[in-house]
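Participant:
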Ligand code: TA6
């Protein structure tokens, strides 16, 4: 089967309701997964024989228009606070809007791929005055594939930021390292956006960490306590965001809680700040991420 097969219904793929929100559940010989239509939000991926790979907060609030805490929020068309309008929703509007579910198909590698689209409308034009189509394809298998594309359907050029703000499940952040960013420069949000260069081969965590790296490379999350590693490969992404809120900030987030911070780390494949994407009318951009698990 080719990746260009049309989307349809597949055995093991079911559109239903989870926590009161429409969601697609996937259960195949290779993996299970869950995606909410709100935000095309991947909330679970578990390859058979492995522990869950995606962290979802036990305190997440499932309500229409409210971003879910955990999973893979899509940040689009801006990352963090809006550059000019501080009252606009943080991380853009994509994560809190309903995407249209296109259906499922099998890929060349036998994975089950789901398609979701978000089109500009009167609501999105209030915040972002352009016509666009944003699309997420998610391929569930022994690896997880995330393909986020944006097409400019306007008569004017536009720029945007994007991030697949993935929360990964780990056994203990204090025994976790992130590799692959040595030599990359980063803006440190915890230190007033001052810029630094990553000196060592691995990042260790001992407090709130919130950094935007300039990096196109593969990252490795080494979860020593969980006795496994996660490999995050990406294409067409020039930024990597690494975030753990640590206890105090996590405690301030009512949908996370202090008890959750050791169990999660965000390693986000992104194009933000000076790496934002510009598209001419008719142009498209595709961000590709692949996640795999090893012992
Ligand atoms: O990606 C890191 C970050 O931008 C942090 O600064 C932190 O605030 C986090 O995302 C969560 O943002 P949210 O808007 O989901 O509360």
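Residue numbers (my numbering): 21 to 315.
A virtual CB, placed ideally from N, CA and C, is assigned to each residue, including glycine.
Keep in mind that this is a model prediction, so the values were computed, not measured.
Let me check you understand the geometry: is the CB of residue 107 closer than 7 Å to at least one non-hydrogen atom of the ligand TA6?
Facilitator: Outside the cutoff, so no.
Participant: Report the three-state DSSP secondary structure of residue 268 (helix, strand or coil).
Facilitator: helix
Participant: Let's test the definition: count the other Cβ atoms within 10 Å of the Cβ of residue 216 and tell me whether it reaches 16, buried, or not, exposed.
Facilitator: Burial call: exposed.
Participant: Determine the closest residue to residue 57 out of 167, 222, 115, with distance taken between C-alpha atoms.
Facilitator: 115
Participant: Can you tell which of 254, 43, 279 has the C-alpha that lies nearest to the C-alpha of residue 163?
Facilitator: 254
Participant: CA-CA distance, residue 265 and residue 35?
Facilitator: Each residue's Cα considered, the two are about 33 Å apart.
Participant: Under 8 Å, do residue 132 and residue 28 count as touching if we go by C-beta distance?
Facilitator: no
Participant: Considering only residues of the same chain and omitting the five flanking positions on each side of residue 314, which have a CB-CB separation below 6 Å?
Facilitator: Once the five neighbours on either side are set aside, the close Cβ partners of residue 314 are 249.
Participant: Let's test the definition: count the other Cβ atoms within 10 Å of the Cβ of residue 21 and tell me whether it reaches 16, buried, or not, exposed.
Facilitator: Because residue 21 sits at a pLDDT of 38, beneath the cut-off of 50, its placement in the model cannot be relied upon, and the point is left open.
Participant: Alpha carbons only, please: which of 148, 124, 310, 203 is nearest the one belonging to residue 181?
Facilitator: 148
Participant: For the ligand TA6, I want to know if residue 61 counts as a neighbour, meaning its beta carbon is within less than 7 Å of at least one of the ligand's heavy atoms.
Facilitator: no
Participant: Compute every distance between the C-beta of residue 286 and the non-hydrogen atoms of the ligand GTP, then say whether any falls below 7 Å.
Facilitator: Looking at this structure, you won't find the ligand GTP anywhere; what it does contain is the ligand TA6.
Participant: Compute the distance between the beta-carbons of residue 63 and residue 88, then report whether it is under 8 Å.
Facilitator: yes
Participant: Determine the contact status of residue 188 and residue 287, defining contact as a CB-CB distance below 8 Å.
Facilitator: yes
Participant: Is the beta carbon of residue 170 sitting closer than 8 Å to the one on residue 61?
Facilitator: In terms of Cβ geometry, residue 170 and residue 61 do not form a close pair [threshold 8 Å].
Participant: Could you check whether the Cβ of residue 100 sits closer than 7 Å to any heavy atom belonging to the ligand TA6?
Facilitator: yes
Participant: Measure the alpha-carbon distance for residue 281 versus residue 98 and round it to whole angstroms.
Facilitator: 25 Å
Participant: Would you mind stating whether residue 218 and residue 201 have Cβ atoms separated by less than 8 Å?
Facilitator: yes
Participant: State yes or no: is the C-beta of residue 206 within less than 8 Å of the C-beta of residue 178?
Facilitator: no
Participant: Could you give the DSSP three-state label for residue 157: helix, strand or coil?
Facilitator: strand
Participant: Checking the sheet assignment: what are the DSSP bridge partners for residue 123?
Facilitator: 135
Participant: Indicate, with yes or no, if the ligand TA6 has a heavy atom lying under 7 Å from the CB of residue 243.
Facilitator: no
Participant: Among 146, 223, 32, which has the Cα closest to the Cα of residue 54?
Facilitator: 32
Participant: Determine the direct distance from the alpha carbon of residue 270 to that of residue 112, and round the result to whole angstroms.
Facilitator: 21 Å
Participant: For a cutoff of 8 Å on Cβ pairs, would you count residue 252 as touching chain D?
Facilitator: Structure shown: chain D not included; a single protein chain is present.
Participant: I'd like to confirm something about residue 230: is its beta-carbon nearer than 7 Å to some heavy atom of the ligand TA6, or not?
Facilitator: yes
Participant: Where are the alpha helix (DSSP H) runs, 4 residues long or more, that stay fully inside the region 212 to 276, in chain order?
Facilitator: 266 to 272
Participant: Closest by CA to residue 26, which one among 108, 104, 122, 84?
Facilitator: 122
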